[in-house]
Amino acid sequence: MIQIIDLHKSFGENRVLQGVNLTIEKGETLVIIGRSGSGKSVLIKHLIGLIRPDRGEIYVDGVETTCLKEDKLGQIRRKFAILFQGAALFDSLTVLQNVSFGLEKYTDFSQEKIEELAREALQRVGLREVESLMPHELSGGMKKRVGLARAIAYRPEIILYDEPSTGIDPIRADAINDLIIQMKKELRVTSVVITHDMVSTYKVADRVAMLYKGKIIKVGAPDEIKNSENPVIQQFITGAAVGPIKEW
Amino acid sequence: MRGSLIWNSKPLKPKMVPQKKQNIFFFFLQQMGEVGLLLGQTLKGLFTKPWEKRNFIHQLEEVGVKSLPVVSLTAAFGGLVFGLQTYIGFHRYIGPGSEAYGGPIISLGLAKELIPILVGLMVSGRVGSAMAAEIGTMRITEQIDALISLGANPVRYLVVPRMLASIIMLPCLTLYGDIIGMLGGYFYNIFLMGVNRYIYLRNTLLYMEFWDVLSGLIKAGFFGGIIAIVGCWQGLKTEAGAAGVGRATTRAVVISSILILIFNFFLSKALPADLGR
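Taken in order, these protein sequences are the chains called A and B. In terms of our numbering, the first sequence opens at residue 45 and continues consecutively. In terms of our numbering, the second sequence opens at residue 7 and continues consecutively.
Next up, the structure:
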């Protein structure tokens, strides 16, 4: 279980997070929605310790992580995997080396075992015969799938998805949504998805949280969000240009 | 992210976040602090496992082998022009026939000053810029974040192999450049100007010391360290997309070139002229 308590983060004058409170239950898929630039990516990067907060606490399975030193934080990071928005594959490594990377760092397995597990992860996301390709030879959708294979290869307990459907066509986006659901079922992972794509949200979410002006303004089941009377939430989920959200 | 030192993920205290009206002295200290911090982590990483052998070997090739063509050309023409000016100097001020005594001066000047600096500046332009651009691109495409999330330490994975490869390969390139440069000076004086080969070689071997070459190699090792640390530092602090990568690349070359010239003077001053014959 992850507990976020009164999380604050500013970059210069820009106050991105202004007291976020959120609980993520084990095994659930929580989708965090919000406008572009609302701080969703900043929020999930706090979970894995890529950014440290100005104030507030984050508990991962009861361990407070914001004040941990790097070596201790490494043990917490082992529980997590993150699928980055642009996949963030390492340009200088092949697909197989990319997928093997986490296994090499987090396990003591032999090279043969690592490659076997990496190939298994690639098969799980439906990729074959791409292992010797370089990332620049892949399409956007394939990159995301390789990124997901890299994320699941070392069997994390929590997968963070940063805008998984952004930048790819609707069909590939839906395939990614299916993979998120498949990972949850097969690997029993906790998933945190950040997106502004409501189609994806309704398909994958157990619960939805909306981030607005640096705070979580609503958490609930997809239907609760859909039927919310909060005009900010309604404007966001319907994608209306006119409403209480005025700034572009 | 603005104001954060991503290579150790530690937050800057609010008062350390660059402000619009900060003074230049404070800014300078902050930059020095960043470099010092990175250098400390890199030196620590040099002596801590796991070593990134694959990256290290790749960097040996990038810094060393791939710099051979540019170093060959630079050293050859550096040697030729230094041979030319030394010939003119002897011919004009001491007189015709004295040019053959220029051999040790050419070799000494090349080995102690010209070749280490030329190699340093050329490698800074070729490799330092590439380090800043590659790491900067990794930074803005979240590959550095991916490294951290997958259990790798960016300093150990990216900076340490580059630092070690540069410290090893710069002296190797300089030694190679010394040979090419001296051959250039020899070629100009002996084959183009008809200087007495026997006297030229005898004087060169008589007055040239092993220390002259070694002191140039020691300086080259320092220049390698400067190129790597500045290139990686600029790459790791890259912000704001492609334009940011461009700025980081330019800054890496400018800063490391200036530092090479400054350090060259102080190292020349600090290293003894000879080891006491």
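Beta carbons are placed, not taken as given, at the ideal position from N, Cα and C, and that holds for glycine.
Leaving out the 5 sequence neighbours to the left and right, which residues in its chain are closer than 6 Å to residue i when beta-carbon positions are compared?
{"i": "N202 of chain B", "result": "A106"}
{"i": "T92 of chain B", "result": "G108, I111 and I112"}
{"i": "I281 of chain A", "result": "M242"}
{"i": "I269 of chain A", "result": "V252"}
{"i": "Q240 of chain B", "result": "A138, A254, R257 and A258"}
{"i": "P278 of chain B", "result": "none"}
{"i": "E108 of chain A", "result": "E101"}
Which same chain residues, not among the five before or five after residue i, have their C-beta less than 7 Å away from its C-beta?
{"i": "A131 of chain A", "result": "K187, K188, V190 and G191"}
{"i": "L273 of chain B", "result": "K225 and F228"}
{"i": "V75 of chain A", "result": "V237, T239, T245, V248, A249 and V252"}
{"i": "G230 of chain B", "result": "S172, I173, M175 and L176"}
{"i": "G89 of chain B", "result": "I112, G190, G191, Y194 and N195"}
How about residue i and residue j: are their beta carbons less than 8 Å apart?
{"i": "G237 of chain B", "j": "M144 of chain B", "result": "no"}
{"i": "V233 of chain A", "j": "A197 of chain A", "result": "no"}
{"i": "S263 of chain B", "j": "L127 of chain B", "result": "yes"}
{"i": "K70 of chain A", "j": "M45 of chain A", "result": "yes"}
{"i": "D151 of chain B", "j": "K89 of chain A", "result": "yes"}
{"i": "K149 of chain A", "j": "I95 of chain A", "result": "no"}
{"i": "E175 of chain A", "j": "L182 of chain A", "result": "no"}
{"i": "P167 of chain B", "j": "E58 of chain B", "result": "yes"}
{"i": "I266 of chain B", "j": "S130 of chain B", "result": "yes"}
{"i": "F128 of chain A", "j": "L91 of chain A", "result": "no"}
{"i": "C178 of chain B", "j": "G70 of chain B", "result": "yes"}
{"i": "I121 of chain B", "j": "D184 of chain B", "result": "yes"}
{"i": "Y194 of chain B", "j": "L86 of chain B", "result": "yes"}
{"i": "M178 of chain A", "j": "T138 of chain A", "result": "yes"}
{"i": "F145 of chain A", "j": "R199 of chain A", "result": "no"}
{"i": "K228 of chain A", "j": "S235 of chain A", "result": "yes"}
{"i": "L223 of chain B", "j": "T180 of chain B", "result": "yes"}
{"i": "G258 of chain A", "j": "Q62 of chain A", "result": "yes"}
{"i": "I126 of chain A", "j": "V104 of chain A", "result": "no"}
{"i": "R162 of chain B", "j": "S73 of chain B", "result": "no"}
{"i": "G93 of chain A", "j": "G157 of chain B", "result": "no"}
What three-state label does DSSP hand residue i in the structure shown?
{"i": "T239 of chain A", "result": "strand"}
{"i": "T67 of chain A", "result": "strand"}
{"i": "L127 of chain A", "result": "strand"}
{"i": "G248 of chain B", "result": "Here the sequence assigns Ala to residue 248 of chain B, which means Gly is not the residue at that position. Here A248 of chain B sits in helix by DSSP."}
{"i": "V169 of chain A", "result": "coil"}
{"i": "T54 of chain B", "result": "coil"}
{"i": "A253 of chain A", "result": "strand"}
{"i": "G83 of chain A", "result": "coil"}
{"i": "E119 of chain B", "result": "helix"}
{"i": "R99 of chain A", "result": "strand"}
{"i": "R257 of chain B", "result": "helix"}
{"i": "E114 of chain A", "result": "helix"}
{"i": "L18 of chain B", "result": "Because L18 of chain B carries a pLDDT of 43, less than 50, the predicted location of this residue cannot be relied on, and the following value inherits that uncertainty. If DSSP states are grouped into helix, strand and coil, L18 of chain B belongs with coil."}
{"i": "K157 of chain A", "result": "helix"}
{"i": "M45 of chain A", "result": "coil"}
{"i": "R145 of chain B", "result": "helix"}
{"i": "I76 of chain A", "result": "strand"}
{"i": "L79 of chain B", "result": "helix"}
{"i": "F134 of chain A", "result": "coil"}
{"i": "R232 of chain A", "result": "coil"}
{"i": "R122 of chain A", "result": "coil"}
{"i": "R199 of chain A", "result": "coil"}
Kindly list, in the order they appear in chain A, the residues whose Cβ is closer than 7 Å to that of residue i.
{"i": "L44 of chain B", "result": "None at all; the shortest Cβ gap to chain A is about 15 Å."}
Could you work out which residues of chain B lie near residue i, taking near to mean beta carbons separated by less than 9 Å?
{"i": "F128 of chain A", "result": "T147, E148, Q149, D151, A152 and S155"}
{"i": "F153 of chain A", "result": "Those do not exist, as F153 of chain A stays about 13 Å from chain B at its closest Cβ, beyond 9 Å."}
Under 7 Å Cβ-Cβ, which residues of chain B neighbour residue i?
{"i": "Y150 of chain A", "result": "G157"}
{"i": "I92 of chain A", "result": "S155"}
{"i": "G118 of chain A", "result": "G157"}
{"i": "F124 of chain A", "result": "S155"}
I want to verify the contact list: residues of chain B whose CB lies under 8 Å from the CB of residue i, in sequence order.
{"i": "K89 of chain A", "result": "D151"}
{"i": "A132 of chain A", "result": "T147, E148, Q149, D151 and A152"}
{"i": "R121 of chain A", "result": "I154, S155 and G157"}
{"i": "F145 of chain A", "result": "L156 and A158"}
Within the same chain, show all residues whose beta-carbon is closer than 8 Å to that of residue i, passing over the 5 residues directly before and after it, in chain order.
{"i": "G250 of chain B", "result": "G142, I146 and T244"}
{"i": "I261 of chain A", "result": "M254, L255, N274, V276 and I277"}
{"i": "D213 of chain A", "result": "G185"}
{"i": "I261 of chain B", "result": "V236 and Q240"}
{"i": "L52 of chain B", "result": "V166, M169 and L170"}
{"i": "V86 of chain A", "result": "K53, V60, L61 and I95"}
{"i": "F134 of chain A", "result": "Q141, N142, F145 and P179"}
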